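UniProt numbering numbers the first residue of the sequence shown as 1 and each following residue consecutively. Below: the structure, in structure tokens.
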Amino acid sequence: MQNGLILFQSKYGAARRYAGWLAEATGFPLCPAKDVEKSALSGADPVILAGGIYASGVAGIQVLRKNQELLRGKRCAILAVGASPADPATIETVRKLNLKEDLAAVPFFYARGAWDLQKMSFADRTLCKMLQKSVAKKDPASLEPWEQALLEAAGGTADWTDREYLQPLLRWIRQGE
1 MQNGLILFQS
11 KYGAARRYAG
21 WLAEATGFPL
31 CPAKDVEKSA
41 LSGADPVILA
51 GGIYASGVAG
61 IQVLRKNQEL
71 LRGKRCAILA
81 VGASPADPAT
91 IETVRKLNLK
101 EDLAAVPFFY
111 ARGAWDLQKM
121 SFADRTLCKM
131 LQKSVAKKDP
141 ASLEPWEQAL
151 LEAAGGTADW
161 TDREYLQPLL
171 RWIRQGE
């Protein structure tokens, strides 16, 4: 019997939704990453962080970095949630940017999230619109999968969340039983 803990940090809700689905599937408690107590971390194994991807950074990852000593010897994993399609090259880039030497061995999983320009903060909305304009100038045949998705989402909304994205992470959790 595992005594896991699911942490999440979500700006717009998709990472929170995946964390909730993980909690349902595993029975592990759910906690916002920013509110986790050291006592909860010390008693948990595995510890899973579900965090949204913002400007290539995984939200909440600092909790794992800050508590490395406490988590040493425990199974930890990261579920990064982003709007890009599950393109291996893009996922690997995000993994390398976030899992430097201190977290290099932590298993990294990806789930596609949602997009709603109207719910975004002014700063996020402005950045996304600028990026869309820049990408729109490119030759459509040369677009990366994430760039194509960015243009397709444009000013609308999209919800790509799907429980199926959790299957690799759930298999990893079961391996520890």
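Think of the CB as a built atom: it goes at the ideal place given N, C-alpha and C, for glycine as much as any other residue. Keep in mind the model is a prediction, meaning the values are calculated, not measured.
Boundaries of the alpha helix (DSSP H) harbouring proline 145: 145 to 153, taken from the DSSP string.
If you ignore the 5 residues before and after tyrosine 12, its C-beta comes within less than 6 Å of the C-beta of Lys119, all in its own chain and listed in chain order.
A Cβ-Cβ contact shorter than 8 Å links leucine 166 with alanine 25.
Counting of Cβ neighbours within 10 angstroms places glutamine 175 among the exposed residues, the total staying below 16. Contact between glycine 57 and glycine 113 is ruled out by a C-beta separation of about 14 Å, above the 8 Å threshold. In terms of Cα proximity to serine 42, the closest of Gly27, Leu64, Val106, Thr126 is Leu64.
Of Ile61, Gln68, Lys138, Glu101, the smallest CA-CA separation from lysine 38 is found for Gln68. For proline 107, no alpha helix (DSSP H) encloses it, and the DSSP letter there is neither H nor E. In the structure shown, the three-state DSSP call for aspartate 139 is coil.
No Cβ-Cβ contact shorter than 8 Å links isoleucine 61 with isoleucine 6. Here the C-alpha atom of serine 84 lies approximately 25 Å from the C-alpha atom of glutamate 101. In the three-state reduction of the DSSP assignment, phenylalanine 122 falls in the helix class. In the structure shown, alanine 25 falls within a helical segment according to DSSP collapsed to helix, strand and coil.
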